[in-house]
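Residue numbers (our numbering): 439 to 700.
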């Protein structure tokens with residue numbers, strides 16, 4: 439198995455890991471009312487499943503993160519060069535960075551380090567300490583709101599089905615798990631963007647917050663509605679792990695060029 443094929447295998451594991459994290463987030467809300475983000479869900483699974491599970495999830499998240507960054511750099515998913523394609527590649531880059539960060543957190547959990555708290559709030563506080571920090575934070579909020587809107591567009595148009603095996607893409611359960619999943623994520627991103635916009639305008643870093651704060655902010659029954667949507671997204675992640683059509687990242691060519699220069 440060459441490097442590209444191994445990365446593809448790890449990417450499928452990454453899709454499954456991402457799906458499992460969202461299922462945990464949804465179940466915790468539905469059963470206990472506890473609001474977590476993917477990092478919190480990762481810690482919860484690590485406490486339940488131990489080092490082996492954390493190691494498997496770290497490998498999957500690492501592979502997924504590298505694959506998404508490769509998509510951003512080389513357009514391996516063939517998004518095209520128009521505006522929509524460029525936005526997809528920017529989103530792929532952001533997703534890659536987020537999932538590499540989650541992989542790093544999984545490794546730290548394996549080493550016994552606890553979760554470091556709300557990274558969105560900490561990032562906002564750091565940005566606000568810089569010259570023009572409030573503008574930076576507000577721009578981040580605009581980006582998050584924009585990402586949320588794009589997720590809602592995906593839910594309506596069901597463009598995510600283009601990447602699945604056609605036989606599975608025609609199944610209503612695959613279509614609707616993706617639709618409600620992307621819609622729920624869209625609303626969560628928009629709420630997080632609103633928090634960032636407020637943090638920037640008020641110059642108060644503690645007003646910012648990620649998914650966990652957005653979910654905690656929702657009142658009954660909307661928190662349960664969004665939780666069901668996130669459960670759908672988790673299920674769709676497991677579907678993608680098995681049935682998504684993946685194009686190999688050009689890892690082997692990069693390695694050959696690097697070793698050739700060396």
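Virtual Cβ for every residue (Gly too), placed ideally from N, Cα, C.
Quick caveat: nothing in here was measured; it's all calculated off a predicted structure.
Inter-residue Cα distance where the pair is residue i and residue j
{"i": "residue 627", "j": "residue 443", "result": "33 Å"}
{"i": "residue 680", "j": "residue 655", "result": "34 Å"}
{"i": "residue 456", "j": "residue 534", "result": "12 Å"}
{"i": "residue 602", "j": "residue 683", "result": "6 Å"}
{"i": "residue 637", "j": "residue 609", "result": "42 Å"}
{"i": "residue 658", "j": "residue 570", "result": "37 Å"}
{"i": "residue 693", "j": "residue 523", "result": "With a pLDDT of only 48 at residue 693, under the threshold of 50, the placement of this residue in the model should not be trusted; the figure read from the coordinates follows. Rounded to the nearest angstrom, the two C-alpha atoms are 27 Å apart."}
{"i": "residue 520", "j": "residue 539", "result": "29 Å"}
{"i": "residue 647", "j": "residue 541", "result": "21 Å"}
{"i": "residue 596", "j": "residue 485", "result": "35 Å"}
{"i": "residue 547", "j": "residue 588", "result": "32 Å"}
{"i": "residue 565", "j": "residue 611", "result": "42 Å"}
{"i": "residue 527", "j": "residue 483", "result": "30 Å"}
{"i": "residue 462", "j": "residue 502", "result": "19 Å"}
{"i": "residue 635", "j": "residue 573", "result": "9 Å"}
{"i": "residue 460", "j": "residue 514", "result": "26 Å"}
{"i": "residue 493", "j": "residue 685", "result": "25 Å"}
{"i": "residue 568", "j": "residue 650", "result": "26 Å"}
{"i": "residue 467", "j": "residue 606", "result": "29 Å"}
{"i": "residue 700", "j": "residue 508", "result": "Low confidence applies to residue 700: its pLDDT is 49, below 50, so where it sits in the model is not reliable, and the reading given next is rough at best. Residue 700 and residue 508: Cα-Cα distance of roughly 22 Å."}
{"i": "residue 451", "j": "residue 490", "result": "14 Å"}
{"i": "residue 663", "j": "residue 530", "result": "27 Å"}
{"i": "residue 418", "j": "residue 499", "result": "There is simply no residue 418 to check, as the chain begins at 439 and stops at 700 in what is shown."}
{"i": "residue 629", "j": "residue 652", "result": "6 Å"}
{"i": "residue 561", "j": "residue 551", "result": "20 Å"}
{"i": "residue 696", "j": "residue 517", "result": "Reliability of the predicted coordinates at residue 696 is poor, the pLDDT of 43 falling under 50, and no value is obtained from them."}
{"i": "residue 675", "j": "residue 667", "result": "12 Å"}
Among the options, nearest to residue i - alpha-carbon criterion
{"i": "residue 613", "options": "677, 641 and 642", "result": "677"}
{"i": "residue 495", "options": "463, 453 and 504", "result": "453"}
{"i": "residue 599", "options": "586, 615 and 585", "result": "615"}
{"i": "residue 473", "options": "513, 665 and 575", "result": "665"}
{"i": "residue 583", "options": "632, 668, 559 and 639", "result": "632"}
{"i": "residue 590", "options": "663, 481 and 624", "result": "624"}
{"i": "residue 488", "options": "576, 545, 580 and 604", "result": "545"}
{"i": "residue 477", "options": "525, 604 and 543", "result": "543"}
Same chain, Cβ closer than 8 Å to residue i, neighbours up to 5 away in sequence not counted
{"i": "residue 471", "result": "661"}
{"i": "residue 580", "result": "631 and 635"}
{"i": "residue 639", "result": "572 and 576"}
Integer Cβ distance of residue i from residue j, believed to fall under 8 Å
{"i": "residue 464", "j": "residue 672", "result": "6 Å"}
{"i": "residue 449", "j": "residue 505", "result": "4 Å"}
Sequence-distant residues of the same chain with beta carbon closer than 7 Å to residue i, five excluded per side
{"i": "residue 578", "result": "634"}
{"i": "residue 617", "result": "593 and 596"}
{"i": "residue 479", "result": "459, 462 and 463"}
{"i": "residue 706", "result": "The displayed coordinates of the chain run from 439 to 700. Any statement about residue 706 would go beyond what the structure contains."}
{"i": "residue 559", "result": "643, 644, 646 and 647"}
{"i": "residue 497", "result": "448 and 451"}
Same chain, Cβ closer than 6 Å to residue i, neighbours up to 5 away in sequence not counted
{"i": "residue 563", "result": "643"}
{"i": "residue 670", "result": "615, 618 and 619"}
{"i": "residue 475", "result": "648, 649 and 650"}
{"i": "residue 557", "result": "none"}
{"i": "residue 537", "result": "499, 502 and 503"}
{"i": "residue 585", "result": "627"}
**Request:** Could I get the ranges of all uninterrupted beta strand (DSSP E) runs contained in the region 597-662, with 3 residues as the minimum, in chain order?
**Result:** none
**Request:** Run through the region 476-551 for me and flag every whole alpha helix (DSSP H) of 4 or more residues, listed as ranges in chain order.
**Result:** 476-512 and 521-548
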